[in-house]
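This report concerns only the one structure given below.
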Ligand SMILES: [Zn+2]
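Residue numbers (the working numbering): 2 to 344.
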């Protein structure tokens with residue numbers, strides 16, 4: 002059974018008409034899923050706001066207070082992240098959505114989607130990159146406490162490196178974080194180097210694959226199949242959180258990867274398979290995507306893959322100039338991780 006959380010206030014997560022993050026995407030996505038007929042295959046739930054106690058499992062009190070105060074007056078959280086009036090409530094609502102999605106995985110649902118989710122640049126006491134609260138980490142800590150869980154797998158395929166999530170769990174072996182992203186030397190936030198594999202007890206539990214600009218479907222498919230099922234099966238998670246950002250699409254205005262619609266179908270399908278083979282609990286946080294029309298179609302394909310349908314949108318493949326380079330990176334990562342995982 003697959004469900005989706007959605008609230009009509011989701012469109013208020015809007016950082017301004019001249020900002021890349023405009024609020025129309027979750028609503029457009031729901032409308033598109035409805036128009037294509039697949040929304041009826043998803044059970045819908047309306048979230049409520051995460052409480053202060055929920056947020057404080059991850060975030061410093063001073064940081065939560067700062068967002069509350071910015072939310073009253075309006076202002077800037079970071080150079081790229083305006084904080085409009087009311088943002089505290091809407092960021093807490095988005096976080097509550099991811100928590101509710103996580104909760105439903107323990108009451109009969111094997112896959113849950115939150116279309117306003119995956120705020121992976123927020124660390125415990127600082128943030129940028131349009132993120133306020135790290136809904137992924139807040140949900141992990143909520144589920145950890147409620148169900149005494151010990152193994153969480155995060156697969157983050159957004160084009161941007163998940164620096165906030167990495168910071169929060171860098172020394173924690175209970176959370177395996179795997180990120181594919183455009184190389185930080187060519188894209189915000191600049192982090193996510195291949196040799197950053199975690200610290201102390203967390204060594205080996207942070208996996209970064211930085212992809213060169215222009216990388217296409219062929220390399221991502223190859224890297225996915227070489228790394229993710231193998232790491233996932235060995236780690237044997239109790240919950241999988243998939244940050245499925247579609248700002249990897251070739252039309253995205255903020256980044257420079259060259260993926261096409263069909264890859265999101267493929268990734269959705271394969272993440273669902275990994276979940277079925279392990280914990281059968283897959284939380285999908287839709288993540289970034291700054292060309293709304295392309296994002297909506299990409300998410301549609303992702304949902305078709307999750308549902309195991311045959312239908313999906315295709316477009317012409319784009320030649321991938323980096324397949325040899327990415328093969329070499331995959332080999333390098335395997336070597337770097339050889340004391341921790343078997344490939
Ligand atoms: Zn992104």
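Even for Gly, the Cβ is constructed at its ideal location relative to N, Cα and C.
field: Runs of beta strand (DSSP E) wholly within the segment 14-56 (minimum 3 residues, chain order)
entry: 44-46
query: Hey, how far is the Cα of residue 279 from the Cα of residue 28?
result: Counting from 1 along the chain shown, the entry for residue 279 is found at position 278. Counting from 1 along the chain shown, the entry for residue 28 is found at position 27. Going by the C-alpha atoms only, they are around 32 Å apart.
message: Can you look up residue 100 in the DSSP assignment and give me helix, strand or coil?
response: Position 99 of the chain shown holds residue 100. Helix, per DSSP.
field: Residue range of the beta strand (DSSP E) that includes residue 230
entry: As a position in the chain shown, residue 230 is number 229, starting the count at 1. Looking at the DSSP string, residue 230 is not in any beta strand (DSSP E); the run it does join, the alpha helix (DSSP H), is 218-236.
message: Do residue 114 and residue 287 have their beta-carbon atoms positioned less than 8 Å apart in this structure?
response: The residue you call residue 287 lines up with position 286 of the chain shown. The residue you call residue 114 lines up with position 113 of the chain shown. In contact: residue 287 and residue 114 (Cβ atoms closer than 8 Å).
message: ligand 1 and residue 161: does the residue's C-beta get closer than 7 Å to at least one heavy atom of that ligand?
response: The residue given as residue 161 occupies position 160 in the chain shown. Yes, Cβ of residue 161 sits closer than 7 Å to a heavy atom of ligand 1.
message: Does residue 30 pass the burial test, meaning 16 or more other C-beta atoms within 10 Å, or should it be called exposed?
response: Position 29 of the chain shown holds residue 30. Label assigned to residue 30: buried.
message: Taking 7 Å as the cut-off, is the C-beta of residue 165 nearer than that to any heavy atom in ligand 1?
response: For the purposes of this step, residue 165 is identified with residue 164 of the chain shown, where counting begins at 1. Residue 165 Cβ: outside cutoff for every heavy atom of ligand 1.
Reduced DSSP category for residue 272 - H, G, I as helix; E, B as strand; rest coil: Residue mapping note: residue 272 aligns to position 271 of the chain shown, counting from 1. Here residue 272 sits in helix by DSSP.
- prompt: Can you name the start and end residues of the beta strand (DSSP E) that residue 286 belongs to?
  reply: In the chain shown, counting from the first residue as 1, residue 286 sits at position 285. Run containing residue 286: 283-286, per the beta strand (DSSP E) assignment.
query: Closer than 7 Å: is that where the CB of residue 248 sits relative to any heavy atom of ligand 1?
result: Taking the chain shown and counting its residues from 1, one reaches residue 248 at position 247. Yes, the beta carbon of residue 248 sits closer than 7 Å to at least one heavy atom of ligand 1.
message: Suppose you measure from the CA of residue 108 to the CA of residue 145; what does that come to, to the nearest Å?
response: The count along the chain shown starts at 1 and reaches residue 108 at position 107. The count along the chain shown starts at 1 and reaches residue 145 at position 144. Roughly 16 Å separates the two Cα atoms.
- request: Within its chain, find whatever has a CB closer than 8 Å to the CB of residue 337; leave out the 5 residues flanking it on each side and keep chain order.
  value: Reading the chain shown from its first residue, position 336 is the one you call residue 337. The answer, listed in chain order, is 195, 196, 198.
message: For residue 98 and residue 78, what's the separation of their Cα atoms in angstroms?
response: Position 97 of the chain shown, counting from 1, holds the residue named residue 98. Position 77 of the chain shown, counting from 1, holds the residue named residue 78. Between residue 98 and residue 78, the C-alpha separation is close to 22 Å.
- request: Using only the heavy atoms of ligand 1, determine whether one of them is closer than 7 Å to the beta carbon of residue 345.
  value: The chain is shown from 2 up to 344; residue 345 falls before or after that span and cannot be answered.
message: Please state the DSSP three-state secondary structure of residue 163.
response: Here residue 163 corresponds to residue number 162 of the chain shown, with the count starting at 1. Residue 163: coil per DSSP, three-state reduction.
message: Going by DSSP, what residue range makes up the beta strand (DSSP E) through residue 180?
response: Along the chain shown, one-based indexing puts residue 180 at 179. Per DSSP, residue 180 belongs to the beta strand (DSSP E) from 176-183.
task: Have a look at residue 333 and residue 74 and give me their C-alpha separation to the nearest angstrom.
output: As a first step, residue 333 is located in the chain shown; it is residue number 332 there, counting from the start. As a first step, residue 74 is located in the chain shown; it is residue number 73 there, counting from the start. For residue 333 and residue 74, the distance between alpha carbons rounds to 48 Å.
Separation of residue 285 from residue 86, as counted between CA atoms: For the purposes of this step, residue 86 is identified with residue 85 of the chain shown, where counting begins at 1. For the purposes of this step, residue 285 is identified with residue 284 of the chain shown, where counting begins at 1. Rounded to whole angstroms, residue 86 to residue 285 spans 28 Å at the Cα level.
field: Assigned exposure category for residue 137 - 16 Cβ within 10 Å defines buried
entry: Walking along the chain shown from the start, residue 137 turns up at place 136. Looking at its Cβ environment, which holds 16 or more other Cβ atoms inside 10 Å, residue 137 is buried.
- prompt: Between the C-alpha atoms of residue 100 and residue 93, what's the straight-line distance to the nearest angstrom?
  reply: Here residue 100 corresponds to residue number 99 of the chain shown, with the count starting at 1. Here residue 93 corresponds to residue number 92 of the chain shown, with the count starting at 1. So the two alpha carbons sit approximately 10 Å from each other.
query: Do residue 268 and residue 233 come within 8 Å of each other at the CB atom, strictly closer than that value?
result: As a working note, residue 233 is residue 232 in the chain shown. As a working note, residue 268 is residue 267 in the chain shown. Going by C-beta atoms, residue 233 is not nearer than 8 Å to residue 268.
- prompt: Helix, strand or coil for residue 154 per DSSP?
  reply: By 1-based counting over the chain shown, the position of residue 154 is 153. Correct three-state label for residue 154: strand.
Where residue 235 falls, given that 16 or more other Cβ within 10 Å makes a residue buried: Locating residue 235 in the chain shown gives position 234, counting from the first residue. Flag for residue 235 reads exposed.
Simplified DSSP assignment, three categories, for residue 250: For this step, residue 250 is matched to residue 249 along the chain shown. In the three-state scheme derived from DSSP, where H, G and I count as helix and E and B as strand, residue 250 is classed as strand.
- prompt: Which stretch, first to last residue, makes up the alpha helix (DSSP H) that contains residue 132?
  reply: Taking the first residue of the chain shown as position 1, residue 132 is located at position 131. Per DSSP, residue 132 belongs to no alpha helix (DSSP H) and is neither H nor E.
query: If you follow the beta strand (DSSP E) that residue 78 is part of, which residue opens it and which one closes it?
result: The count along the chain shown starts at 1 and reaches residue 78 at position 77. Counting along the chain, the beta strand (DSSP E) containing residue 78 begins and ends at 76-79.
query: Can you tell which of 63, 179, 291 has its C-alpha closest to the C-alpha of residue 18?
result: Reading the chain shown from its first residue, position 17 is the one you call residue 18. Cα-wise, what sits closest to residue 18 is 291.
query: DSSP on residue 241, reduced to helix/strand/coil?
result: In the chain shown, residue 241 corresponds to position 240, counting from 1. In the structure shown, residue 241 sits in a strand (DSSP, three-state: E or B).
query: Between residue 246 and residue 289, is the Cβ-Cβ spacing less than 8 Å?
result: Residue mapping note: residue 246 aligns to position 245 of the chain shown, counting from 1. Residue mapping note: residue 289 aligns to position 288 of the chain shown, counting from 1. In contact: residue 246 and residue 289 (Cβ atoms closer than 8 Å).
- prompt: If you draw a straight line from the C-alpha of residue 26 to the C-alpha of residue 297, how long is it?
  reply: Mapped onto the chain shown, residue 26 falls at position 25. Mapped onto the chain shown, residue 297 falls at position 296. Answer to the nearest angstrom: the Cα atoms are 7 Å apart.
message: I need the straight-line Cα distance from residue 314 to residue 5, nearest angstrom please.
response: Here residue 314 is taken as the residue at index 313 of the chain shown, counted from 1. Here residue 5 is taken as the residue at index 4 of the chain shown, counted from 1. Going by the C-alpha atoms only, they are around 21 Å apart.
- prompt: In terms of alpha-carbon separation, which member of 20, 16, 341 lies closest to residue 200?
  reply: Residue mapping note: residue 200 aligns to position 199 of the chain shown, counting from 1. Considering only alpha carbons, the answer is 341.
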